[in-house]
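Line by line, the protein sequences are chains W and A. Quick note on our numbering: the first sequence kicks off at 1 and runs consecutively. Quick note on our numbering: the second sequence kicks off at 721 and runs consecutively. Quick reminder that beta carbons are idealized off the backbone N, C-alpha and C, glycines included. A quick note: this is a predicted structure, and the numbers were derived from the prediction, not measured.
Protein chains: 2
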Amino acid sequence: MKKNPLQLLLNPSSIATVGASNNPLKMGTIQALSIVKDGFPGQFYPIHPTEEKVFGYKAYRSAYDLPEAPDLVMFVLPAPLVVKIMEDFGRIGTRRAIVITAGFREVGSEGKRLEEQLTEVAASYGIRFLGPNCMGIVNSELPLNVTVCPLSGKPGLLGMASQSGTYITQTLPYLQQRGIRLAKAISVGNEADLDLTDALEYLGSDQQCKAIALYIEGLKNAGRFLDVARKVTAQKPVIAQYVGGSDAGARAGSSHTGALAGPDYLYDGLFKQAGIIRVDSVEELYNQGWMLASQPPLKGSRIAVLTNSGGPGTAISHTCNAGGLEVPTFSEKLQAEIRQYLPPHGAAGNPVDLTFHLDAEAITTILPDLLLRSGEIDGLVVHGLMGTGFLKAIHPHLQELFAGISADDFSSQFKRDLSATLSVFDRYDLPVALSSFFGREDNFTDAYREMGVPVLDGPEKAARSMLALHRYRMVRQRAEYQPATLPPVSVGASQLIKRALTEGRSVLDEYESKQLLAAYGVPAVQEILTHSEKEAVEAAAAIGYPLAIKGCSAKFAHKTEKGLIHLNVINEEGVRESYRSVMKAAGEEIPLLVSKMVTGSRELMSGVVRHSSFGPCVLFGLGGIMAEAFKDRTFRLAPLNEAEAIEMLQDIRAKELLGPYRGMPAVDQGKMAAVLQAVGNLALLHQEISEIDLNPVMISGSNPVVVDALVVLSCPADVS
Amino acid sequence: MKKNPLQLLLNPSSIATVGASNNPLKMGTIQALSIVKDGFPGQFYPIHPTEEKVFGYKAYRSAYDLPEAPDLVMFVLPAPLVVKIMEDFGRIGTRRAIVITAGFREVGSEGKRLEEQLTEVAASYGIRFLGPNCMGIVNSELPLNVTVCPLSGKPGLLGMASQSGTYITQTLPYLQQRGIRLAKAISVGNEADLDLTDALEYLGSDQQCKAIALYIEGLKNAGRFLDVARKVTAQKPVIAQYVGGSDAGARAGSSHTGALAGPDYLYDGLFKQAGIIRVDSVEELYNQGWMLASQPPLKGSRIAVLTNSGGPGTAISHTCNAGGLEVPTFSEKLQAEIRQYLPPHGAAGNPVDLTFHLDAEAITTILPDLLLRSGEIDGLVVHGLMGTGFLKAIHPHLQELFAGISADDFSSQFKRDLSATLSVFDRYDLPVALSSFFGREDNFTDAYREMGVPVLDGPEKAARSMLALHRYRMVRQRAEYQPATLPPVSVGASQLIKRALTEGRSVLDEYESKQLLAAYGVPAVQEILTHSEKEAVEAAAAIGYPLAIKGCSAKFAHKTEKGLIHLNVINEEGVRESYRSVMKAAGEEIPLLVSKMVTGSRELMSGVVRHSSFGPCVLFGLGGIMAEAFKDRTFRLAPLNEAEAIEMLQDIRAKELLGPYRGMPAVDQGKMAAVLQAVGNLALLHQEISEIDLNPVMISGSNPVVVDALVVLSCPADVS
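Structure (structure tokens):
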């Protein structure tokens, strides 16, 4: 397997910085300081045009003065100077770079040109680089930190790749405070060379990272991202936030890193397809990411809730349950055991509520142990482990009664040896999430955060973190991914498309569209294209009544509204009437499609849309003329394997319709899935297709039948 | 207007405590200490059987020894002792009480009996009380704090009523840390007497409370809550969390305070109807509650986003936009003004991104001022105001360069006088929400929190807080509430119901159901009930083809599946065939309903469900046989006025269907609303009705026509 270029970039044995100086209030200096102060074990070479030394390290005038070609060079100097010096480093043999400098593509056309020059120079020397306009990297293992904020504490478990530098830099103190520890973190900036997908791939292969968090404003190539993400999520959890799906989000992202955003529904489908857990805030990204990274996987869905407070216990139970986890009532035996440690008005059933009191032994040690070894649960959520935080809070009122004691002395009177308490969670291979309204000022919160157990500052957050494990469990329960295989190109289909394009048409008529679909096995209604009243009557007799009769011309969209469709035609007279009526509505002679009337109450739809960074995406949803109002649809990137197509069927709100429903048999999921696969394949095999719209796909008995179809092509003129 | 009993309970001039002692580690003592330590200005009378003094205050043996009847008595002693002493206080003339003590209804039948005794005794003396099993009250204005944790800081603006004591007690330090200040807070516990609705009413009338937050596990009487909440939300924002809507949430709430929970969808409808903003976590309740309480209302939907960091700026813009706010691109003029203060690679368009640097003047002072006075925005969200927090974070790396300077000295070198900065927001009557990854360790976060400006610890949270103002703006834009008026009872309807009940039937057949509806003006399809093939044929001729022909018997539900419905019958032969086929399917002679065939593609539904604490609730949603799968429905409490009914129409996902849609005319909203109002009125006027199910209500042209209907009655036997 080809080594990921980020392997060396995050693990260099020597680094040069260009732009750092002895001015401690320059960002570049602060970033260079992070390298040496946070313990980078390799060589550090500051390049500086005038200084002899940069914070005590010998400075070099240029790349050519260095004693060796460093593995990595970091640029923090103004944009116009970067290209030239990148070339210097290319010449001496450096092959990895980080360009912190902003002022490239994100500022408009001149910056874009500069970025292109940079990319060219780098490529000509085989230099792989991060940025420009990024905040660098963190490798807590080596250690190596090139970001603005210091890295403290033990090496972490959570990998992070971000299109915002802030989320791996400015948030380091925030994360440290919350006990969330990054393993390796990568800010990708403008992604002129290495991008978020490269970062995901690297973090996926890195043993230190137990879970990966992604902050995304827009992907250049969703297909490649999907390929990589699928492999990673089969090994470890990936959680992502996407913020480019609204007008304002897309515009903001574009001015931030020049990211090319796409519609929210495509990203939603992409994440589902890739097995990525989606969240809507950076706090959830970190919190749930840390839960996924630090806790063993959920092996079932039974959660115990343990609290000293009814409100948080109820909120946790509700949040878990509403999200798909069970909060089962415990066995009588377990309840009896629990009750020994409860006051008379406590609750033992689950949630276990000790109600509030100062003795922490039961809630912190005895009951967690009892629950974890009970065999009745798969995970534990606890609210209300607290000690000194509460004591400090009430100290002002008690000080006088304790002869003027200080807050620290007061709280330390109640401090216990926590070793027995802290060892409980380690003894069991079950996930635990804690919630507390106290931060590090509390000895329990502090100790748990130090040992890596998630302590969230709200009961619902602890519950949602457990739900993240549940969501990843669902991902892991999917069958191993089997690549979709494309069928051979149909010559007939190619000819059909070519003919339309030759005729200057960008729309295939209904009959052509169905022929195209039929070439890839998509079942359409039985029908005959006719060109006269006589032909129509003959076709009707051949097919048999009742019939649907439609004007067939690429010119007319919205046939229903135009009066070009006659349904439930039941005899020859009806056929003749329909013929005349359609011709009149069309205002000219157009062909008439005589179709078997499909009866069935379930109207679905499928199709293909394209988006520049996604390629063709398959749509599935509720169809019929109400489709626009229902808005019950889901998307995936083509090609689809069968399992993915079947997952799509389960991803609409009205999925119940597909089962046996009110006397109707279950939809043949294999056949419906085959339709979705086929439209995706069609768009991949015939790149001229810009849009496919099958609506309705009716369910006749158990089987999907395409009743109306529209294929739109990109005329050469449209493509330019 | 009658004075709310909580007025005196929260504003007593004297308090007795029963159960507090000199043992400082008893909760009761700590709570009594809060009264005196937090500065209660009235008389404090501890009752104690043996002690001469309780923390320096003269103790009394019993109520009878007191020099006066205190306005309020608080019980913190064991449950079995409360009733007797409550009686003592009743005798001496005390009329308000707080029963902190647990061990009543929430522990089972014996506790329930004890609670009933307590309620009886209190009632017999006219004592109004909170609890039992509550945590008391906070009145930051008086001040009076009877909870466990100290109350610190200035009097607040947010009122809170909670079915969990924790949320007004244990969270006080959490709130103080976050700059969220309660005005008055009420823990209602088991609600044996005063309940959450009383608390809402009181807080609604209290001038100090600018917004009200509610934590709810279940309401005893949703109708009364609605009446009160409607009035309050017309004056000030109310925000609520409801956690009883899942199995586990309902069970947990029941064992916590004995709360009677109800389905989530009914609470959802209740909150919408009342104009209450719903959230899903206690953090949102506090954060958004504080935003609503502390900031001026949004007067439009244009939001400016100002940051020093692209990621948070993009996330804020996206979250605002996705939630319904605009993040408009600024005028060229404003952008030019902004650009003066930006580095070359900053962004001026909105979001304004200064990119990261240490000089805080522009982002904290100049640009907020520029934006707030621009006239181009209605609200401002800022991320990245920071000073000493960041400096302390980077201090370890810079210490050496600054000759070993301490963190405090280092950060204070950069401290600025913040008065000019802090005064900016005060100068404009526009709402502002801030986000920072630094807490109180940062001088900006600390100063803003002290002055009451919301500083949230995540960009999306700041955006969501602004969205809470947007949601309240929508509430305030509703027309003033006009009480619904009920029509007179229809004698025919009463007789119809009486007849069915006399015959021992709990189901009205379709024909009867439609007669009942017609009595209240609900338009049903034209139809004739027939009892023979001959009558059916005559009816068909009278109505005209095409027809729907249905077996009509209260015995048969799911007529479609049973083969009792024949649609599109177009001639006499069809009528005869249908007749025979229905009789065969039914297996006996049943009446046949001959109905005009209603054509139309839009199938809706309405109906009524009942829930013990809600009374009749009106349903509106997508109908037809797919209704169960669509699950697109909304609920409101009956009776509905027209505005409420029309709001329901707009509260389904597929609401687009009701407009002009694909060639169909817009649904007559007034007529559709009248149907919803009528079914609610019906259930209110005829309490024997337990369920009404109109499905489908088809739209014929613009008009709703009830095509099938089912009314279920509570037989006297069912009611018991």
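Within the 8 Å Cβ cut-off, does residue i reach chain W?
i	result
F1122 of chain A	yes
F1157 of chain A	yes
D967 of chain A	yes
K757 of chain A	yes
P732 of chain A	no
D1438 of chain A	Because the pLDDT of D1438 of chain A is 46, which lies under 50, any placement of that residue in the model is unreliable, and the number read from its coordinates should be weighed accordingly. Output row for D1438 of chain A: interface = no.
P1064 of chain A	yes
V802 of chain A	no
H1331 of chain A	no
R1191 of chain A	no
Should residue i be labelled buried (16 or more other beta-carbon atoms within 10 Å of its own) or exposed?
i	result
M698 of chain W	buried
R91 of chain W	exposed
F795 of chain A	buried
P296 of chain W	exposed
P1151 of chain A	buried
H976 of chain A	buried
A59 of chain W	buried
V738 of chain A	buried
D409 of chain W	exposed
I30 of chain W	buried
G404 of chain W	exposed
With DSSP collapsed to three states, give me the class of residue i.
i	result
Q1252 of chain A	Sequence check: residue 1252 of chain A is Ser here, not Gln. Coil at S1252 of chain A, not helix or strand.
V279 of chain W	strand
Y922 of chain A	helix
G300 of chain W	coil
V796 of chain A	coil
R602 of chain W	coil
F1276 of chain A	coil
Y777 of chain A	strand
H976 of chain A	helix
H566 of chain W	strand
Looking at the unbroken alpha helix (DSSP H) that takes in residue i, where does it start and where does it end?
i	result
T867 of chain A	First-last for T867 of chain A: undefined, no H or E at that position.
P893 of chain A	892-898
Q335 of chain W	332-339
A1403 of chain A	1389-1405
P725 of chain A	725-730
Could you tell me the boundaries of the beta strand (DSSP E) in which residue i lies?
i	result
T1027 of chain A	1023-1027
T1354 of chain A	1353-1357
H383 of chain W	379-383
Between residue i and chain A, is there a C-beta pair that is closer than 8 Å?
i	result
P728 of chain W	The question about residue 728 of chain W has no answer here: the residues shown for chain W are numbered 1 through 720.
V440 of chain W	Looking at the sequence itself, residue 440 of chain W is Arg, so the reference to Val does not match. False, the Cβ-Cβ gap to chain A never drops below 8 Å.
R181 of chain W	no
L595 of chain W	According to the sequence as given, residue 595 of chain W is Ser; it is not Leu. No, its Cβ sits nowhere closer than 8 Å to a Cβ of chain A.
M626 of chain W	yes
T599 of chain W	no
Taking 8 Å as the CB-CB limit, is residue i close to chain C?
i	result
C149 of chain W	The chain labelled as chain C is not found among the protein chains of the depicted structure, namely W and A.
Item to check | At least 3 beta-carbon pairs within less than 8 Å: the segment 348-367 of chain W vs the segment 970-987 of chain A | outcome: yes
**Asked** With contact counted as at least three CB pairs below 8 Å, one residue from each stretch, are the segment 680-689 of chain W and the segment 616-623 of chain W in contact?
**Response** The answer is yes - the segment 616-623 of chain W touches the segment 680-689 of chain W, with three or more Cβ pairs under 8 Å.
Stretch-stretch touch, CB-based, cutoff 8 Å, three pairs: the segment 1192-1199 of chain A with the segment 919-930 of chain A:
no
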